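Let me begin by presenting the structure, written as structure tokens, before commenting on it.
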Amino acid sequence: MSHQETMTRYLLQFIQGLLASHVTSAVISPGSRSTPLALLLHREPAITTYIAVDERSAGFFALGLSKAQQKPVVLLCTSGTAAANYYPAICEAQESQLPLIVLTTDRPHELRQVGAPQAMDQLNLFQGHVKLFVEMALPEASPTMLNYAYWQGLRTVQRAAQVPAGPVHLNFPLREPLLPDLTLGATPIAKQIFQGEQRLSRSELTSLADAWSNKRGVLIVGGSQTTHEALNFIQLAETLGWPILSDPLANILTCGSQSSTIIASGDLLIQELPTDMQPEIILQFGLLPLSKNLMLWLSQLEPSQTERYFIDESGQWQDQLKQAQTIIQGSQQALIADLVSKTNIMPTDPAWLASWKVYEKLVQDILATDWQKGRLTEAQASLLVHQKMAPNGQLFVANSMPIRYLDRYMTPRHTPYQLYGNRGINGIDGVVSTALGMTAANPNCQNVLLVGDLTLYHDMNGLLQGKKYQLPLTIVLLNNNGGGIFSFLSQNQLEKQDFEPLFGTPLDLDFALVAQLYEGNHHLVKSLPQLSELLESPTEGLRILEVQTQRQDNVQELQALSRKIRRQFEAQDEA
3 MSHQETMTRY LLQFIQGLLA SHVTSAVISP GSRSTPLALL LHREPAITTY
53 IAVDERSAGF FALGLSKAQQ KPVVLLCTSG TAAANYYPAI CEAQESQLPL
103 IVLTTDRPHE LRQVGAPQAM DQLNLFQGHV KLFVEMALPE ASPTMLNYAY
153 WQGLRTVQRA AQVPAGPVHL NFPLREPLLP DLTLGATPIA KQIFQGEQRL
203 SRSELTSLAD AWSNKRGVLI VGGSQTTHEA LNFIQLAETL GWPILSDPLA
253 NILTCGSQSS TIIASGDLLI QELPTDMQPE IILQFGLLPL SKNLMLWLSQ
303 LEPSQTERYF IDESGQWQDQ LKQAQTIIQG SQQALIADLV SKTNIMPTDP
353 AWLASWKVYE KLVQDILATD WQKGRLTEAQ ASLLVHQKMA PNGQLFVANS
403 MPIRYLDRYM TPRHTPYQLY GNRGINGIDG VVSTALGMTA ANPNCQNVLL
453 VGDLTLYHDM NGLLQGKKYQ LPLTIVLLNN NGGGIFSFLS QNQLEKQDFE
503 PLFGTPLDLD FALVAQLYEG NHHLVKSLPQ LSELLESPTE GLRILEVQTQ
553 RQDNVQELQA LSRKIRRQFE AQDEA
């Protein structure tokens, strides 16, 4: 059997293992050493392939596909520094618990560490940021090695998808010649995989129900959740009669529910609550939400008066405050279903939730009055995006200020949409590419990216995927010519000559030219009604809706609002 036939049969069996684990998408960064895998994946009809020449962008594009499809996605590149450019996306995938199957191709062992071109140490390249690393054997076509290749394809996808999900890395040493035999086919192998859920026993469920019944509690929901999962969290809150405070990406405010348990603008009200609003129970699902004010409020609660429960589905003990007295390891959704259907939890006094709604209404009334002027600010533009999302659309929100605007100002909607973001490491890397991956997964719904100018600039290469595949993404650009979040932080006390180059970092870019470069449309938005009209109009490809603002105006707006809320809360407490 020739080298070409041996290599082809070996790689085809590996791909059969991927297919048996229901992989349907692959992102390929072209190169020489990856030729055989790239060709065989590209010609496999059951796998949709996307070509992305910039590896850093490719990694985040695959991340977006994985988010929106909720399944593992393959990522393939050639040898050398190509793989190193996947590193930011792999770090984000690990922290966001998203399954990626990272395939790097490599020089064979005899060409390593001898000065061969485009050769570097790719073993354990991503170190502790992948769940599993496999150095694949050199291709052989014996029955044992074909079964080995299939088995690795099958099990690595399963490993990536197991809770906590995350990336896995397989390194393929390949000898030349690299062109596969495209006349050959694989031998299918039938295997079935059954997976269960980690659930509590009936006695454990009863113990929790007894501990929470008739208690004043607060439900905290972090992490990224689907609309269906969000509705289940709300059902639990309604069963208990507790307010629910959440991260924007938990989709509690975007799932279409109008439940009275949902507390909007929690970031604005939480620090002004009177001391007699201390709960007896804190029930936290997953990571802490985005709000720093919520984190500070939780850390200031008297431990002897508040019992804390942390539901840790991942088993990683990611309790930032480390104050939980009880840690529950198991499926979040299974726990909710069992608590609601298999126990007799007694709700608390309705006055508890009513008191929270009083303070929420104070904040909402202030916002309604303050924003009647309809000024085009970053905060109001962000809120308008939330309000104008089409039913079942997809919104990707960037880090720094955009996600904080949604966290502060969103209110529950009557119709659902799905909100996504990269909050694993909270960086600005690859946001455009991730949003385009999200769009590629569901191109027939409304797709919007809410982003700042620095973040857009940092991943402009990603826009090529939008042009290449005609992806219908509307980019709402909040352009304050620099790093707006630093104007809210202690760095803003620095003199201008220090602040501007190090933290303000003005770009002075003409984003109309950026849109032109990638054959997109550009609109300079002058008013909220104009933005509303543009958001309601359909798009067939890329477009940038640019909102130009001043950084200091955004700071002054929040400061003025916070003062009004504090005065209203003080007046309420005195009444």
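Going by the numbering used here, the sequence shown opens with residue 3, and the numbers climb by one from there.
Ideal Cβ placement from N, Cα and C applies to all residues, glycine included.
Only a predicted model underlies this, so the values are computations on that prediction, with no experimental measurement involved.
| task | State the Cα-Cα distance for the pair SER31 and GLN280, rounded to the nearest angstrom. | result | Answer to the nearest angstrom: the Cα atoms are 53 Å apart.
| query | Which class does ARG654 belong to by DSSP, given the choice of helix, strand or coil? | reply | A query on residue 654 cannot be resolved here, the shown segment of the chain reaching from 3 to 577 and no further.
| field | Residue(s) in a DSSP beta bridge with ARG310 | value | Answer by DSSP bridge pairing, in chain order: ILE284.
| request: Output the distance between the C-alpha atoms of ARG553 and LEU480, rounded to the nearest integer angstrom. | output: Distance between the alpha carbons of ARG553 and LEU480: 10 Å.
| field | Anticipated Cβ contact below 8 Å, PRO179 with GLN6, distance rounded | value | Between GLN6 and PRO179 the Cβ distance is about 6 Å, and since that is below 8 Å, they are a contact.
| Burial state of ILE657 (16 or more Cβ within 10 Å) | In the structure as shown, the chain starts at 3 and stops at 577, and residue 657 therefore has no counterpart that could be examined.
| task | Please confirm if the stretch 351–358 is in contact with the stretch 503–516, defined as three or more CB-CB distances below 8 Å between the two stretches. | result | Because the criterion of three Cβ pairs below 8 Å is not met, the stretch 351–358 and the stretch 503–516 do not touch.
| query | Across which residues does DSSP place GLY63 in a beta bridge pair? | reply | For the record, residue 63 in the displayed sequence is Phe; it is not Gly. PHE63 is not bridged by DSSP to any residue.
| task | Would you please state the rounded distance, in angstroms, between the beta carbons of ILE53 and PRO74? I believe it to be under 8 Å. | result | About 19 Å separates the two Cβ atoms, so there is no contact after all.
| said: In the DSSP output, which residue or residues are listed as bridge partners for PRO175? | reply: PRO175 is bridged by DSSP to ASP108.
| Roughly how many whole angstroms lie between the Cα atoms of ALA60 and LEU127? | Spanning the two alpha carbons is a distance of roughly 18 Å.
| said: Measuring only the C-alpha atoms, how far is GLN382 from GLY429? | reply: Their backbone Cα atoms lie some 24 Å apart in a straight line.
| message | Judging by CA-CA distance, which residue of PHE135, TYR407, GLN532, ILE427 is the nearest neighbour of GLY486? | response | Out of PHE135, TYR407, GLN532, ILE427, TYR407 has the C-alpha closest to the C-alpha of GLY486.
| query | Name the DSSP bridge partner or partners of ASN449? | reply | Under DSSP, ASN449 shares a beta bridge with GLN396.
| Of all the options ILE283, VAL360, LYS359, ALA336, which has the alpha carbon lying nearest to the alpha carbon of THR328? | The residue with the shortest Cα to Cα distance from THR328 is ILE283.
| Cα-Cα separation, ILE49 to ALA28 | Their backbone Cα atoms lie some 7 Å apart in a straight line.
| request: Counting only runs of 4+ residues fully inside the stretch 465–504, write out the alpha helix (DSSP H) ranges in chain order. | output: The stretch 465–504 contains these whole alpha helix (DSSP H) runs: 465–471, 498–501.
| said: Quick check on ASP409 - is its C-beta less than 8 Å from some C-beta in chain B? | reply: Looking at the structure shown, chain B is missing, and only one protein chain is on hand.
| task | Return helix, strand or coil for GLY155, following the three-state DSSP convention. | result | Correct three-state label for GLY155: helix.
| What number of angstroms, rounded off, separates the C-alpha of LEU452 from the C-alpha of THR379? | Cα to Cα, the separation comes out at about 14 Å.
| task | Could you tell me whether the stretch 93–110 touches the stretch 456–473, using the rule of 3 or more Cβ pairs below 8 Å? | result | When Cβ pairs closer than 8 Å are counted between the two stretches, the stretch 93–110 is seen not to touch the stretch 456–473, the count staying below three.
| C-beta atoms of LEU21 and LEU207 nearer than 8 Å | The answer is no: Cβ separation not under 8 Å.
| query | What do you get for TRP299, buried or exposed, if any count of 16 or more other CB atoms within 10 angstroms of its CB means buried? | reply | With 16 or more other Cβ atoms inside 10 Å of its own Cβ, TRP299 counts as buried.
| query | With burial defined as no fewer than 16 other Cβ atoms inside 10 Å of the residue's Cβ, what is the status of SER435: buried or exposed? | reply | Classification for SER435: buried.
| said: On the CB-based measure, 16 or more other CB atoms within 10 Å of its CB, does GLU304 come out buried or exposed? | reply: Result: exposed.
| message | Can you tell me whether ASP108 is buried or exposed? The criterion is at least 16 other CB atoms within 10 Å of its CB, across all chains shown. | response | When all chains shown are included, ASP108 counts as buried.
| message | Checking the sheet assignment: what are the DSSP bridge partners for THR51? | response | BP columns for THR51 point to ALA28.
| Can you tell which of GLN200, THR241, SER301 has the C-alpha that lies nearest to the C-alpha of ALA211? | Distances from the CA of ALA211 to each of GLN200, THR241, SER301 were compared; the closest alpha carbon is that of THR241.
| message | Could you give the first and the last residue of the continuous alpha helix (DSSP H) run that contains ALA342? | response | According to the sequence as given, residue 342 is Val; it is not Ala. For VAL342, the enclosing alpha helix (DSSP H) has its first and last residue at 334–344.
| message | How far does the beta strand (DSSP E) with ASN523 in it extend, from its first residue to its last? | response | 523–527 is the extent of the beta strand (DSSP E) around ASN523.
| Helix, strand or coil at GLY219 [DSSP, three-state] | Under the three-state reduction of DSSP output, GLY219 falls in the strand class.
| request: Take GLU231 and list the residues in its own chain whose beta-carbon comes closer than 7 Å to its own, dropping the five residues that flank it on each side. | output: So the qualifying residues of the chain are GLN335.
| task | Mind checking which residues open and close the beta strand (DSSP E) that includes CYS79? | result | Judged by DSSP secondary structure, CYS79 falls within the beta strand (DSSP E) whose first and last residues are 75–79.
| task | Could you tell me if ARG569 is buried or exposed, where buried requires 16 or more neighbouring beta carbons within 10 angstroms of its beta carbon? | result | By the neighbour-count rule (16 or more Cβ atoms within 10 Å), ARG569 is not buried but exposed.
| message | Count Cβ pairs between the stretch 182–195 and the stretch 250–258 that sit closer than 8 Å; are there 3 or more? | response | At 8 Å Cβ cutoff, the stretches do not touch.
| request: Can you give me the Cβ contacts of LEU394 inside the same chain, cut-off strictly under 7 Å, excluding the 5 residues immediately before and after it? | output: With the sequence shown as reference, residue 394 is identified as Asn, and Leu is not the correct amino acid for it. Same-chain partners within the cutoff: PRO418, TYR419, CYS447.
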